[in-house]
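J.: Respectively, the protein sequence lines represent chains A and B. Using the working numbering, you'd call the opening residue of the first sequence number 1 and step up by one each time. Using the working numbering, you'd call the opening residue of the second sequence number 1 and step up by one each time.
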Amino acid sequence: MKGTRFAVFGGVYNNHLSLKATLDDARSRGAQELFCLGDMGGFGPNPDRVFPLLRDVDDLYVMQGNYDHSIGNRLDDCACGYTDPRDNHFAQISYDYTLENTADTHKDWLKQLPGTFRKTWGRRRVLMAHGSPRRINEFLWESMCPDAFLASLLTDAEADLLFVTHTGIPWKRRLPDGRMVVNVGAIGRPANHGQTTVDYALVEVKDREVEVSIMPVAYDHQELAREMREEKLPEEFVETVLTGWWTTCLEVLPAKERAAGKY
Amino acid sequence: MGLLSARDLIRRAKEPATYDSPVLELEHLDTLWLQVTGTLCNLACLHCFISCGPNNDSHDMMSLGQVQEAVDRAVEEGVKEFYFTGGEPFMHPQIREMIDCALEHGPLTVLTNGILIDEEMAAWLGDRFRESRYSFDLRVSLDGTTAAENDAIRGRHTFEKILSGVDRLHQNGINPVITVTTCHAELGAEAGRQRFFELLRSRGLERPRLKFLAPFKIGREERRGGGYEDYERLKKGDLNEEAKESLQCSSCRMVTAKGAYPCPILIEVEEARMGDSLDDALEPIELNHPACYTCFVEGVTCRT
Ligand code: SF4
Ligand code: SF4
């Protein structure tokens, strides 16, 4: 018997083309419910194009990320606070662009989104959060999360299976006791590995057990690049879409993840 | 966030200097600091907030066993990351064993002045960097973009030696974080920061990683820049939840050969010592030291 399937994704970053491709992929694989862990804006072109795909959709549940909190509350910046003036410059460009081009009704919608989801899948207590269960803007990078730390996060949050996003790079880890943490990566921007695909997590619940696969999704990234140029977004962002390598705001990357990238 | 208004400062300046200090719980042990070489250092920088130097033995070197014990205890608490400091960690004869011990359990950052990182050590560090499961970072201190500027604080001829250490790390695949203590406010401003990025790019580090730290007015820095005024103390009610979370001591502890402390900053303050080992240091702390004021006002954290 085939199990029940779900999809979990985050980091839309205005990329309506990859969002559409991800939703199509997940539904075609039989995902019955889809969960979006937030960060609708930043980086990509034409912010308002993602909302029709996200709002009032029966099988889709959407949570608030830190970017959504800033845009929803009309704050002045994304509060990333980079050291490198170059990073701040680029972060501000995408923030200002997103703030200016997001309709008020969508801002109001972002403002009222929930911060976590809880489910029971098979015999697992599932928790979904944007950054971490304790902070919306905590980064959970693979190389920075000791097993013991993840175990204590899960214990404190009373969960056996945790899904997060916020970093933009996917990974999953099963702890020796069987509990699991999954960073679903981002669907709006490739994961700094030289491929133009984006990632989401496909979940299968079968015989009370939960299996999670990180799924790469191809989409028309050439078309996105064209739209970004039309909107006069920085060529540095376009390069990321076309090459799969991050070019700006790399300061948040830990040493290991940074060394794996091109820049 | 967290900043006192000018009016508050003036009002408090007039109050007597005995304050009821805020109490801060340890939310979770995210960061364990280990002062592996004690206060022993091959330099004696003017701004060193713990007055380290070749002749300062107020904190001994830790033994490998002491490091192992603190690491194991921290793992039981679900620790997130380790930091090694001193003094100068690379003066410890067993620094390699200590690095391996920490890296087995979580990400590690070693704070160094970079001078003792020779070819062989740089190659070994490069191997560890590539092979370890967790992130391994080196943080090298530099206090100016010219020899004159840096050497005035860190000592004669240190500028070239530090940058040579950075070069060797770079050649072995490590991109260290360069830490700048902003003794001259100008260094922390955008133009000052820009100069550091340019210096490092000119040395072939195409993607410089930098951290700017405000100096603490204790230790040798007290004699250099002047100590704290009486009103520069925290008192109950100064801290809201957000401010508490932003203080590193809500999520860190420091272990030295002498025992456990709330943070790396207060290890020369006898009253701040919390006990012999990490076990004794999981209690809440009182933020009754003037350095706590800098942490609060400047939003300082020693982490990268
Ligand atoms: S600041 Fe660092 S390098 Fe300088 S004396 Fe202190 S411990 Fe040594
Ligand atoms: S000096 Fe700073 S880090 Fe240390 S106890 Fe005081 S507030 Fe906390």
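Beta carbons: idealized from backbone N, C-alpha and C, even for Gly.
Please work out which residues of its chain come closer than 7 Å, Cβ to Cβ, to residue 144 of chain A, disregarding the five sequence neighbours upstream and downstream, and give them in chain order.
T.: What you label residue 144 of chain A is simply residue 144 of the first sequence in a count that begins at 1. These residues qualify, in order along the chain: 254.
J.: Of all Cβ atoms in chain B, is any one closer than 8 Å to the Cβ of residue 175 of chain A?
T.: The residue labelled residue 175 of chain A in the question sits at position 175 within the first sequence. It does not: the Cβ of residue 175 of chain A has no partner Cβ on chain B nearer than 8 Å.
J.: Who pairs with residue 216 of chain A in a beta bridge, going by DSSP?
T.: Against the first sequence, residue 216 of chain A aligns to sequence position 216. Looking at the DSSP output, residue 216 of chain A bridges to A:199.
J.: So, with DSSP's three-state summary, where would you put residue 66 of chain A?
T.: Walking along the first sequence from the start, residue 66 of chain A turns up at place 66. Residue state for residue 66 of chain A is assigned as helix, using DSSP reduced to three classes.
J.: Quick one: residues in its chain with C-beta nearer than 8 Å to the C-beta of residue 138 of chain A, no 5 flanking neighbours on either side, listed in chain order?
T.: Position 138 of the first sequence holds residue 138 of chain A. These residues qualify, in order along the chain: 131, 132, 166.
J.: May I have the straight-line CA-CA distance separating residue 49 of chain B from residue 264 of chain B, to the nearest angstrom?
T.: Along the second sequence, one-based indexing puts residue 49 of chain B at 49. Along the second sequence, one-based indexing puts residue 264 of chain B at 264. Straight-line Cα distance between these residues: approximately 10 Å.
J.: Let me check understanding here. Comparing Cα to Cα, which of B:248, B:148, B:158, B:260 lies closest to residue 26 of chain B?
T.: Along the second sequence, one-based indexing puts residue 26 of chain B at 26. Residue B:248 is the option with its Cα nearest to residue 26 of chain B.
J.: Residue 236 of chain B to residue 75 of chain A, Cα distance in whole Å?
T.: If you number the second sequence from 1, residue 236 of chain B lands on position 236. If you number the first sequence from 1, residue 75 of chain A lands on position 75. Looking at the two C-alpha atoms, the distance is approximately 30 Å.
J.: Strictly under 8 Å for the Cβ-Cβ distance: is residue 296 of chain B near chain A by that measure?
T.: Working through the second sequence from its first residue, we reach residue 296 of chain B at position 296. Chain A contact via Cβ: absent.
J.: Counting only runs of 4+ residues fully inside the stretch 96–143 of chain B, write out the alpha helix (DSSP H) ranges in chain order.
T.: 119–131
J.: Please tell me whether residue 2 of chain B has its Cβ less than 8 Å away from any Cβ of chain A.
T.: One-based indexing of the second sequence puts residue 2 of chain B at position 2. Interpretation of residue 2 of chain B is limited by its pLDDT of 36, a score under 50 that renders its predicted location unreliable; no figure is taken from the coordinates.
J.: Would you call the stretch 49–67 of chain B and the stretch 264–279 of chain B touching, i.e. three or more CB-CB distances under 8 Å?
T.: yes
J.: Using a Cβ cut-off of 9 Å, pull out every chain A residue sitting near residue 173 of chain B, in sequence order please.
T.: To locate residue 173 of chain B, count along the second sequence from 1; it is residue 173. Within chain A, the residues near residue 173 of chain B are 259.
J.: Quick one: does residue 331 of chain B have its CB under 8 Å from some CB of chain A?
T.: No answer is possible for residue 331 of chain B: it lies beyond the span of chain B, which begins at 1 and ends at 304.
J.: Report yes or no: is there a C-beta of chain B within less than 8 Å of the C-beta of residue 172 of chain A?
T.: Within the first sequence, residue 172 of chain A is the residue found at index 172, counting from 1. It does not; no Cβ of chain B falls within 8 Å.
J.: For residue 77 of chain B, count neighbouring C-beta atoms within 10 Å of its own C-beta (all shown protein chains included) and say buried if the count is 16 or more, exposed if not.
T.: For the purposes of this step, residue 77 of chain B is identified with residue 77 of the second sequence, where counting begins at 1. Classification of residue 77 of chain B: buried, given that the 10 Å Cβ count is 16 or more.
J.: Roughly how many angstroms separate the alpha carbons of residue 198 of chain B and residue 153 of chain B, rounded to a whole number?
T.: Your numbering for residue 198 of chain B matches position 198 in the second sequence. Your numbering for residue 153 of chain B matches position 153 in the second sequence. Roughly 21 Å between the two C-alpha positions.
J.: Candidates B:292, B:134, B:269: which alpha carbon is nearest residue 106 of chain B's?
T.: Taking the first residue of the second sequence as position 1, residue 106 of chain B is located at position 106. Checked all of B:292, B:134, B:269; the closest Cα to residue 106 of chain B is B:134.
J.: With a threshold of 7 Å (Cβ to nearest heavy atom), would residue 34 of chain B be considered close to ligand 2?
T.: Stepping through the second sequence from its first residue, residue 34 of chain B is reached at position 34. Every heavy atom of ligand 2 is 7 Å or more from the Cβ of residue 34 of chain B, so no.
J.: Could you name the residues that DSSP lists as bridge partners for residue 183 of chain A?
T.: If you number the first sequence from 1, residue 183 of chain A lands on position 183. Residue 183 of chain A is bridged to A:164, A:171.
J.: Taking all protein chains shown into account, decide if residue 285 of chain B is buried (16 or more other Cβ within 10 angstroms of its Cβ) or exposed.
T.: Taking the second sequence and counting its residues from 1, one reaches residue 285 of chain B at position 285. Buried, since its Cβ has 16 or more Cβ neighbours within 10 Å.
J.: What first and last residue would you give for the alpha helix (DSSP H) that runs through residue 82 of chain A?
T.: Within the first sequence, the letter at position 82 stands for residue 82 of chain A. It is not in any alpha helix (DSSP H) - residue 82 of chain A carries neither H nor E in the DSSP assignment.
J.: If you reduce the DSSP assignment to three classes, tell me which class residue 121 of chain A lands in.
T.: Here residue 121 of chain A corresponds to residue number 121 of the first sequence, with the count starting at 1. It is a strand residue.
J.: Which residues in chain B sit within 8 Å of residue 82 of chain A, going by Cβ to Cβ distance?
T.: Translated into the one-based positions of the first sequence, residue 82 of chain A becomes position 82. In chain order: nothing, as chain B lies at least about 10 Å away.
J.: Considering just the uninterrupted stretch of the beta strand (DSSP E) at residue 36 of chain A, what are its terminal residues?
T.: Along the first sequence, one-based indexing puts residue 36 of chain A at 36. Residue 36 of chain A -> beta strand (DSSP E) spans 31–36.
J.: Looking at chain A, which residues of the stretch 105–121 of chain B have a Cβ within less than 8 Å of any of its Cβ atoms?
T.: 105, 106, 107
J.: For chain A, find out if any of its Cβ atoms is closer than 8 Å to the Cβ of residue 165 of chain B; answer yes or no.
T.: Taking the second sequence and counting its residues from 1, one reaches residue 165 of chain B at position 165. Chain A contact via Cβ: absent.
J.: With three or more C-beta pairs closer than 8 Å as the rule, is the stretch 106–113 of chain A touching the stretch 96–113 of chain B?
T.: no
J.: Using CA atoms only, rank isn't needed, just tell me which of A:162, A:198, A:238 is closest to residue 211 of chain A.
T.: Taking the first residue of the first sequence as position 1, residue 211 of chain A is located at position 211. Comparing Cα-Cα distances from residue 211 of chain A to each of A:162, A:198, A:238, the minimum goes to A:162.
J.: Counting C-beta neighbours from all protein chains within 10 Å, is the total for residue 142 of chain A 16 or more, i.e. buried, or is it exposed?
T.: Here residue 142 of chain A refers to the residue found at position 142 of the first sequence. Classification for residue 142 of chain A: buried.
J.: Is residue 44 of chain B near ligand 1, in the sense that its beta carbon is under 7 Å from a heavy atom of that ligand?
T.: Here residue 44 of chain B refers to the residue found at position 44 of the second sequence. Yes.
J.: Between the beta-carbon of residue 65 of chain A and the beta-carbon of residue 136 of chain A, is there less than 8 Å?
T.: Translated into positions along the first sequence, residue 65 of chain A becomes position 65. Translated into positions along the first sequence, residue 136 of chain A becomes position 136. Yes, these two residues count as a Cβ contact at 8 Å.
J.: Regarding residue 112 of chain A and ligand 2, is the C-beta to nearest heavy atom distance less than 7 Å?
T.: On the first sequence, residue 112 of chain A is found 112 positions in, with the first residue counted as 1. No.
J.: Given a threshold of 16 other Cβ atoms within 10 Å of its Cβ, counted over all protein chains shown, does residue 209 of chain B qualify as buried or as exposed?
T.: Residue 209 of chain B sits at position 209 when you count from the first residue of the second sequence. Buried is the call here.
J.: Helix, strand or coil, according to DSSP, for residue 258 of chain B in the structure here?
T.: The count along the second sequence starts at 1 and reaches residue 258 of chain B at position 258. Three-state DSSP puts residue 258 of chain B in coil, outside helix and strand.
J.: For residue 236 of chain A, go through chain E and note every residue whose CB falls closer than 8 Å to its CB, in chain order.
T.: Although the question refers to chain E, the structure presented lacks it and instead comprises the protein chains A and B.
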